[in-house]
Amino acid sequence: TQLLEQSPQFLSIQEGENLTVYCNSSSVFSSLQWYRQEPGEGPVLLVTVVTGGEVKKLKRLTFQFGDARKDSSLHITAAQPGDTGLYLCGGSNYKLTFGKGTLLTVNP
Amino acid sequence: NAGVTQTPKFQVLKTGQSMTLQCAQDMNHNSMYWYRQDPGMGLRLIYYSASEGTTDKGEVPNGYNVSRLNKREFSLRLESAAPSQTSVYFCASSEAPGGARYEQYFGPGTRLTVT
């Protein structure tokens, strides 16, 4: 069984702060996806990283795939209340394995 | 282009009742999935269909059955609902069943309560 551990599990910060959440595994993945889920809705795909060491930016969000393709991080710069949600990582080989998520709350 | 749609959005069942959750996608994806999401447990795969005509068990298949009706539609059936099946159910689809670009697209979910 391939497990993905996400940390922290919960994060509450003030608007304007920076934050990093992590997604770690002992398994190597072909790719890794990050999703954001808002209350009452389904997860929405943010980004896919494929190559070890790859960095992708989506406005104030920066995603990095570890060199060994076993871990990933998501960094948010100057967080805003609209960033509030559950952030899920999913590691892909034949099946997609999800972590349990980081619940982020950004307070005004 | 609606993406992935699910019906119903909410459902309350009594123990022992049956129901079918419907899912459809309009992205011409080959693969479809059913997950349940419970607090502290993350997303757990119930069943998936790698391609039209095939279905396979996921992590938590007991108490459920599925039908891949055609390329667009994938239904999930609870034959005899139990309180342990109270959950939020998500359907998802992807272009391929695996590989380097295994991106899934989710529906809005069905919130099921079994009393």
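Residue numbers (our numbering), protein chains in the order written: chain A, 1 to 108; chain B, 1001 to 1115.
Just so you know, even glycine gets a beta-carbon here, dropped at the ideal spot from N, CA and C.
Quiz prompt | Interface positions of the region 46-75 of chain A facing chain B (Cβ-Cβ less than 8 Å), listed along the chain | solution = Of all residues in the region 46-75 of chain A, only 48 and 50 come within less than 8 Å of chain B when Cβ atoms are compared, listed by chain position.
Practice problem: Enumerate in chain order the residues of its own chain whose CB-to-CB distance from residue 1080/B is below 6 Å, with the five nearest sequence positions on each side excluded. | Solution: In the second sequence, counting from the first residue as 1, residue 1080/B sits at position 80. A distance below 6 Å between beta-carbons, with the five flanking residues on each side excluded, links residue 1080/B to the following residues of its chain, in chain order: 1016.
Quiz prompt | Any chain A beta carbon closer than 7 Å to residue 1042/B | solution = Counting from one through the second sequence, the residue named residue 1042/B turns up at place 42. By this cut-off, residue 1042/B is an interface position.
Practice problem: Return the first residue and the last residue of the beta strand (DSSP E) that residue 24/A is part of. | Solution: The residue given as residue 24/A occupies position 24 in the first sequence. Looking at the DSSP string, the run of the beta strand (DSSP E) that includes residue 24/A is 19-24.
Quiz item: In terms of residue numbering, what span does the beta strand (DSSP E) encompassing residue 11/A cover?
Solution: Start at 1 with the first residue of the first sequence, and residue 11/A comes out as number 11. Counting along the chain, the beta strand (DSSP E) containing residue 11/A begins and ends at 10-14.
Quiz item: Excluding five sequence neighbours on each side, which residues of the same chain lie with their C-beta closer than 8 Å to the C-beta of residue 1103/B?
Solution: Residue mapping note: residue 1103/B aligns to position 103 of the second sequence, counting from 1. Non-local beta-carbon contacts of residue 1103/B in its own chain, meaning distances under 8 Å to residues more than five positions away in sequence, involve 1094 and 1095 in chain order.
Quiz prompt | Under 7 Å by beta carbon: chain C residues contacting residue 96/A | solution = Absent here is chain C; the protein component of the structure consists of chains A and B.
Self-check item: CA-to-CA distance, residue 1013/B to residue 1003/B, given in whole angstroms
Solution: In the second sequence, the residue the question calls residue 1003/B occupies position 3. In the second sequence, the residue the question calls residue 1013/B occupies position 13. The alpha-carbon separation between residue 1003/B and residue 1013/B amounts to approximately 27 Å.
Quiz item: Going along the chain, which residues of its own chain have a beta-carbon closer than 6 Å to the beta-carbon of residue 1113/B, five neighbours each way excluded?
Solution: Position 113 of the second sequence, counted from the first residue, corresponds to residue 1113/B. Counting only Cβ-Cβ distances below 6 Å, and skipping sequence neighbours, we find 1012 and 1086.
Exercise. Determine, using beta carbons only, whether residue 1074/B comes closer than 7 Å to chain A.
Key: Residue 1074/B sits at position 74 when you count from the first residue of the second sequence. Closer than 7 Å: no.
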